[in-house]
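**Student:**
Residue numbers (the numbering used here): 239 to 500.
Laid out in structure tokens, this is it:
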């Protein structure tokens, strides 16, 4: 839920969300864990800056999706940019989230207007390894309205290996990804309680730590070229208005565009 006062109470917080990659010895499982308060604080400040407000239930789902994508990006090889779009039948909404491993950034938004109603919930993933390269895409049907369940279904169908994802206390999330010859019985029995006491009960090794934050990087200089097709026909874009408001397709940031800007 969007609580501006609560955001101010959280400041100051760490500037980055620290994402830890942990190898669970003797289980052959990778655990990726992070506490997301810094990312969520930036996310709410972004909403306040652009006078945006998301419905509470959808807001919580988007935050879960941002967490799941961040952990997935760290579990994947370096130099990947990954974008997820989830088109739900009910509620009729599109979720979008994208993250960059090299830039250590994640952003996302909701689309609640003019959303196509699918005959089933669809999950789209697009992975790009370098600028200009053809992205690798996959599409699958997902069940339910829990983003952590979506990522488990995604791993089973697209990554061809299982994963488990959990919400822990204090806005902490953890993703377990099976590696070759993993302990299937231990993996299947994972739950929030065992995830919360991972280092106490298992032999682990911290492999690396990365620092992520919520940031899109959009600005008017990047938004205006999208409108280049209307340069010779501004009346179709502006109608009788002297200015319009454009939203970033990645983060929903609002920008005012005037006729002379084209």
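For every residue, glycine included, the Cβ atom is placed at its ideal position computed from N, Cα and C.
(1) Taking all protein chains shown into account, do 16 or more other C-beta atoms lie within 10 angstroms of the C-beta of residue 376, making it buried, or fewer, making it exposed?
(2) From the DSSP output, in three-state form, read off residue 274 for me.
(3) Decide yes or no for the touch test of the region 333-352 against the region 393-401: beta carbon pairs closer than 8 Å, at least 3 of them.
(4) Assess contact between the region 346-355 and the region 381-388, defined as three or more Cβ pairs (one per stretch) separated by less than 8 Å. Is contact present?
(5) Are there 16 or more other CB atoms within 10 angstroms of the CB of residue 298, so buried, or fewer, so exposed?
(6) Within the same chain, show all residues whose beta-carbon is closer than 7 Å to that of residue 367, passing over the 5 residues directly before and after it, in chain order.
(7) Who pairs with residue 493 in a beta bridge, going by DSSP?
(8) For residue 278, I'd like the list of residues in its chain whose CB is within less than 7 Å of its CB, leaving aside the five on either flank, ordered along the chain.
(9) Return helix, strand or coil for residue 387, following the three-state DSSP convention.
(10) Mind checking which residues open and close the beta strand (DSSP E) that includes residue 322?
(11) Nearest-angstrom Cα distance between residue 244 and residue 294?
(12) Let's see if you can read the secondary structure: which residues bound the alpha helix (DSSP H) around residue 438?
(13) What's the gap between the Cα of residue 252 and the Cα of residue 276?
(14) Can you tell me the Cα-Cα spacing of residue 406 and residue 500, whole angstroms?
(15) Once the 5 residues before and after residue 248 are set aside, which same chain residues still bring their CB inside 6 Å of it?
(16) Ignore the nearest five residues each way along the sequence and tell me which others in residue 331's own chain have a CB closer than 7 Å to its CB.
(17) Classify residue 402: buried if its beta carbon has 16 or more other beta carbons within 10 angstroms, exposed otherwise.
(18) Under a three-way DSSP split, which group does residue 253 fall into?
(19) Find out if the Cβ-Cβ distance for the pair residue 491, residue 456 is shorter than 8 Å.
(20) Let me confirm a value: residue 265 is counted as buried when at least 16 other C-beta atoms fall within 10 Å, else exposed. Which label applies?
(21) May I have a chain-ordered list of the beta strand (DSSP E) segments no shorter than 3 residues that lie completely inside the region 367-415?
(22) In chain order, what residues of the same chain lie with their CB nearer than 6 Å to the CB of residue 241, ignoring the 5 residues before and after it?
**Tutor:** From the atom records:
(1) exposed
(2) coil
(3) no
(4) no
(5) exposed
(6) 317 and 318
(7) 484
(8) 301 and 409
(9) helix
(10) 319-326
(11) Because residue 244 sits at a pLDDT of 43, beneath the cut-off of 50, its placement in the model cannot be relied upon, and the following sentence gives the value as read from the coordinates. Distance between the alpha carbons of residue 244 and residue 294: 14 Å.
(12) 436-439
(13) 6 Å
(14) 48 Å
(15) Confidence at residue 248 is low in this model, with a pLDDT of 43, below 50, so its placement is unreliable and the value that follows should be read with caution. These residues qualify, in order along the chain: 279.
(16) 296, 348, 349, 350 and 353
(17) buried
(18) coil
(19) yes
(20) buried
(21) 374-379 and 401-405
(22) Since pLDDT at residue 241 reaches only 45, below the 50 mark, its modelled position is unreliable, and the value read off the structure follows with that caveat. So the list is empty, once near-sequence residues are dropped.
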